[in-house]
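Novice: Start counting at 1 in the sequence shown, then tack on 36, and there's your number in the working numbering. Would you mind keeping the following structure in view while I ask a few things?
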Amino acid sequence: MTERFHLTRGKKAYLLGCFVVAFVSAIVTLLVMVGLESPYTLTTERMTFVYWVAIAGAMGGGVGLYFARGWMGNLGLLGFARAIVGSVVTAVIGAIIAGTLTVPFDGTLYAPLMLVSAFIAMPWLAAGWLAGMLGAHYLMSILAEEQADGVGLEEDHSVASQLSSLSRAQLYRRS
37 MTERFHLTRG KKAYLLGCFV VAFVSAIVTL LVMVGLESPY TLTTERMTFV
87 YWVAIAGAMG GGVGLYFARG WMGNLGLLGF ARAIVGSVVT AVIGAIIAGT
137 LTVPFDGTLY APLMLVSAFI AMPWLAAGWL AGMLGAHYLM SILAEEQADG
187 VGLEEDHSVA SQLSSLSRAQ LYRRS
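Below you can see the structure in the form of structure tokens.
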């Protein structure tokens, strides 16, 4: 039972990368919402709304990363280019989800537009987002290295495991 919950170094790094994205998403969501006009302005009188905005931003970033996980963590120069695309996809999907959770109808449409305008108005915010995403990409690439080296792969008890190594190499090539 405890073997199922054993995390390798790569899986721990992957999980940390997911938490980094959720944390950075929550901060970016709060900073975007601070610049809005009333009635959506974040004030100290409505602290539960501030907490909800942070939670919605973290959830949006996490779900956005889940949908963009194929672009993140790949090795090499092409992997870096794919990480930049994955960062954009994560930002757009995260903004849509966070906007929907904070202001259900208007937020779905306006949150991605507000995110783009906030990145244009505050380039340091865009740089912080990209730094967080590239940090998560690096952490996620540790798992890809482990998998390329064959570390952490459990013994397979299926029919293919009964084949010789030459047959497995011919029939089940790594891509």
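Think of the CB as a built atom: it goes at the ideal place given N, C-alpha and C, for glycine as much as any other residue. Since the model is a prediction, treat every value here as computed from it, not as a measurement.
Compute the distance between the beta-carbons of methionine 150 and valine 68, then report whether it is under 8 Å.
Specialist: Against the sequence shown, residue 150 aligns to sequence position 114. Against the sequence shown, residue 68 aligns to sequence position 32. Contact: yes.
Novice: Does the beta-carbon of tyrosine 87 have 16 or more other beta-carbons within 10 angstroms, so that it is buried, or is it exposed?
Specialist: Here the question's residue 87 lines up with position 51 in the sequence shown. Exposed, because fewer than 16 other Cβ atoms sit within 10 Å of the Cβ of tyrosine 87.
Novice: Count the other C-beta atoms from every protein chain shown that fall within 10 angstroms of the C-beta of methionine 83, then say buried if there are 16 or more, exposed otherwise.
Specialist: Numbered from its first residue, the sequence shown carries residue 83 at position 47. By the 10 Å Cβ count, methionine 83 comes out exposed.
Novice: How far does the alpha helix (DSSP H) with alanine 184 in it reach, from first residue to last?
Specialist: Within the sequence shown, the letter at position 148 stands for residue 184. Element bounds for alanine 184: 159-185.
Novice: Look at glycine 106 and threonine 126 and say whether their C-beta atoms are less than 8 Å apart.
Specialist: By one-based count along the sequence shown, residue 106 stands at place 70. By one-based count along the sequence shown, residue 126 stands at place 90. Taking 8 Å as the cut-off, the Cβ atoms of glycine 106 and threonine 126 do not count as close.
Novice: Quick one: give me the first and last residue of the alpha helix (DSSP H) that arginine 45 is part of.
Specialist: Taking the first residue of the sequence shown as position 1, residue 45 is located at position 9. 45-70 is the span of the alpha helix (DSSP H), which, as asked, contains arginine 45.
Novice: Taking valine 107 as part of the alpha helix (DSSP H), name the residues at either end of that continuous run.
Specialist: The residue you call residue 107 lines up with position 71 of the sequence shown. The residue asked about is misnamed: residue 107 is tryptophan in this sequence, not valine. It is not in any alpha helix (DSSP H) - tryptophan 107 carries neither H nor E in the DSSP assignment.
Novice: Please go through the same chain and pick out, in chain order, the residues whose beta-carbon is closer than 8 Å to the beta-carbon of leucine 51, but skip the five residues on each side of it.
Specialist: Looking up residue 51 in the sequence shown gives position 15. So the list reads Leu43, once near-sequence residues are dropped.
Novice: In three-state terms, what does DSSP make of valine 139?
Specialist: Reading the sequence shown from its first residue, position 103 is the one you call residue 139. Here valine 139 sits in coil by DSSP.
Novice: Alpha carbon to alpha carbon, what distance is there between serine 61 and tyrosine 102?
Specialist: Along the sequence shown, one-based indexing puts residue 102 at 66. Along the sequence shown, one-based indexing puts residue 61 at 25. Rounded to the nearest angstrom, the two C-alpha atoms are 13 Å apart.
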